[in-house]
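Going by my numbering, the sequence shown opens with residue 425, and the numbers climb by one from there. The beta-carbon is built from N, C-alpha and C at its ideal position, and this holds for glycine as well. Bear in mind that the values here come from a model prediction, so they are computed numbers and not experimental data. Here is the structure we will look at.
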Amino acid sequence: MMKPRSRTGETVVVAGIEPEPVRTARELPLSVIHAEALYRPVPPVEYDDEGYPGPDSNVPESTQHAHTSAYTFNSLRAVFRDRPGDLIAHDLMLLFEEGNRKATLAPDLMVVLGVGNEPRDSYKTWKEGKVPDLVIEVVSRSTWRKDVHVKPPLYEALGIAEFWLFDPLNPRLAGFALDGGRYREIAELPEGGLRSHVLGLDLLVLDGELRCRDPRDAKVIPDHVETVRMLEVAERKLTQADRERAEADRQRGEADRQRAEADRELEVSEREREQALRRVAELEELLRQARSES
């Protein structure tokens with residue numbers, strides 16, 4: 425299981441010499457303590473009016489990485505579609521120290537509750553008023569060490585409530601939640617998967633892919649391809665139902681036509697019968713008169 429590692433600073437004291445005040449790791453900016461975890465934007469980079477980096481030219485390392493990121497982003501957007509106060513962001517620059525343009529992170533996905541989902545070129549914690557509630561990192565061959573060992577202590581120090589790691593090349597999932605200021609691994613559910621209290625969803629590995637599951641009905645949220653396939657099946661069923669309904673209407677119309685024709689034939693038969701009865705009556709009257717005359 426992938427496990428993040430925390431690091432702390434120490435105060436240096438030399439024997440026999442009164443030490444000058446030494447800044448501990450807790451007093452240093454997080455960007456200094458966790459300098460190795462910082463993201464370096466890939467040129468060309470878009471900068472805002474204050475010189476902070478925004479969108480860059482970074483691209484996923486593999487198709488698995490791209491599929492995982494796209495699925496998670498689109499699934500959460502669908503789940504949060506009626507929650508305009510919450511932000512779902514994919515590869516958005518996360519800036520966490522005002523005045524320090526290098527204090528930058530670029531999580532594969534982050535969720536921030538209560539800040540609104542208006543378009544952004546970057547996320548500045550000092551302007552937004554809070555750090556993300558959840559971050560997901562999709563591990564790749566070139567970033568696995570940084571994702572697993574270097575970034576977690578910084579996310580922990582920033583106070584991000586949940587941190588998730590998924591390795592698509594050797595499918596593994598790990599989730600961590602802040603508990604007393606430290607990340608604790610989220611335990612697996614009896615039915616499989618891990619519960620995210622930030623999302624209100626279960627995250628699990630299904631057929632080697634990261635998937636989200638709604639715990640209310642245990643249904644797994646389909647990816648885009650699965651959704652398109654289900655829509656196609658539903659459209660075929662609807663088309664077939666329309667054809668069957670049209671055929672039923674045609675048959676009903678034919679039955680109505682035949683019934684109307686039968687009714688007309690019955691009316692003709694009734695008229696002919698009445699005419700025949702009148703003719704018989706006339707003949708009987710003629711016969712009666714002939715007999716009386718004779």
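Inter-residue Cα distance where the pair is W550 and E522:
7 Å
Assign S493 to buried or exposed, taking buried as 16 or more other Cβ atoms, counted over all protein chains shown, within 10 Å of its Cβ.
Buried, because 16 or more other Cβ atoms sit within 10 Å of the Cβ of S493.
Top-ranked residue by Cα proximity to A585, from S564, P465 and F600
F600
Using only CA atoms, which one of E659, G617, L662 and L634 lies nearest to A642?
G617
Helix or strand or just coil, what does DSSP make of E586?
Three-state result, E586: strand.
Below 7 Å CB to CB, which residues in the same chain sit around Y579 once its five sequence neighbours on both sides are set aside?
So the list reads V559 and F587, once near-sequence residues are dropped.
Going residue by residue through the stretch 631-673, where are the continuous beta strand (DSSP E) segments of at least 3 residues, counting only ones entirely within it?
Listed in chain order, they are 633-638.
Would you decide whether K575 is buried or exposed? Buried here means 16 or more other CB atoms lie within 10 Å of its CB.
By the Cβ-count criterion, K575 is buried, with 16 or more other Cβ atoms from all chains shown falling within 10 Å of its own Cβ.
Alpha carbon to alpha carbon, what distance is there between D631 and E678?
52 Å
Per-residue burial, R683 [other beta carbons within 10 Å of its own, 16 or more giving buried]
exposed
Starting from the N-terminal side, write out each stretch of the beta strand (DSSP E) that is 3 residues or longer and does not extend beyond the stretch 500-563.
511-514, 517-519, 533-536, 546-548 and 558-562
Short Cβ contact (8 Å threshold) for L720 with P531
Missing from the structure shown is residue 720; the chain here goes from 425 to 718 and no further.
Flag E522 as yes if its beta-carbon sits less than 8 Å from any beta-carbon of chain D, otherwise no.
Among the protein chains of the structure shown there is no chain D, as only one such chain exists.
DSSP state of R688 mapped onto helix, strand, coil
helix
Based on the DSSP output, what are the partners of Y471 in its beta bridges?
P477
For V629, does the three-state DSSP call read helix, strand or coil?
strand
Please report how far the alpha carbon of A665 lies from the alpha carbon of V652, in whole angstroms.
Each residue's Cα considered, the two are about 20 Å apart.
Name, in chain order, the residues that DSSP records as bridge partners for R702.
Answer is none; R702 lacks a bridge partner.
Provide the residue(s) that pair with L602 in DSSP beta bridges, ordered along the chain.
Y607
May I ask whether a heavy atom of the ligand ATP can be found less than 7 Å away from the beta carbon of P646?
With respect to the ligand ATP, the structure shown offers nothing to examine, as it has no ligands at all.
For L589, which option in L602, G605 and V572 has the closest C-alpha, if you only look at C-alpha atoms?
V572
Look at V629 and R637 and say whether their C-beta atoms are less than 8 Å apart.
no
Alpha carbon to alpha carbon, how far is V446 from E460?
Because the pLDDT at V446 is just 43, under 50, the model does not fix this residue reliably, and the value given afterwards should be weighed accordingly. A straight-line Cα-Cα distance of about 22 Å links V446 and E460.
Since S620 is in the beta strand (DSSP E), which residue starts that stretch and which ends it?
L618 to S620
Within its chain, find whatever has a CB closer than 6 Å to the CB of L602; leave out the 5 residues flanking it on each side and keep chain order.
Counting only Cβ-Cβ distances below 6 Å, and skipping sequence neighbours, we find A585.
Cβ pair T496, L533 closer than 8 Å:
When the beta-carbon positions are compared, T496 and L533 come within less than 8 Å of each other.
Taking the continuous alpha helix (DSSP H) assigned at V456, which residues delimit it?
L454 to I457
What residues are listed by DSSP as bridge partners for E612?
Partner(s): L618.
E561 versus V483: straight-line alpha-carbon distance, rounded:
14 Å
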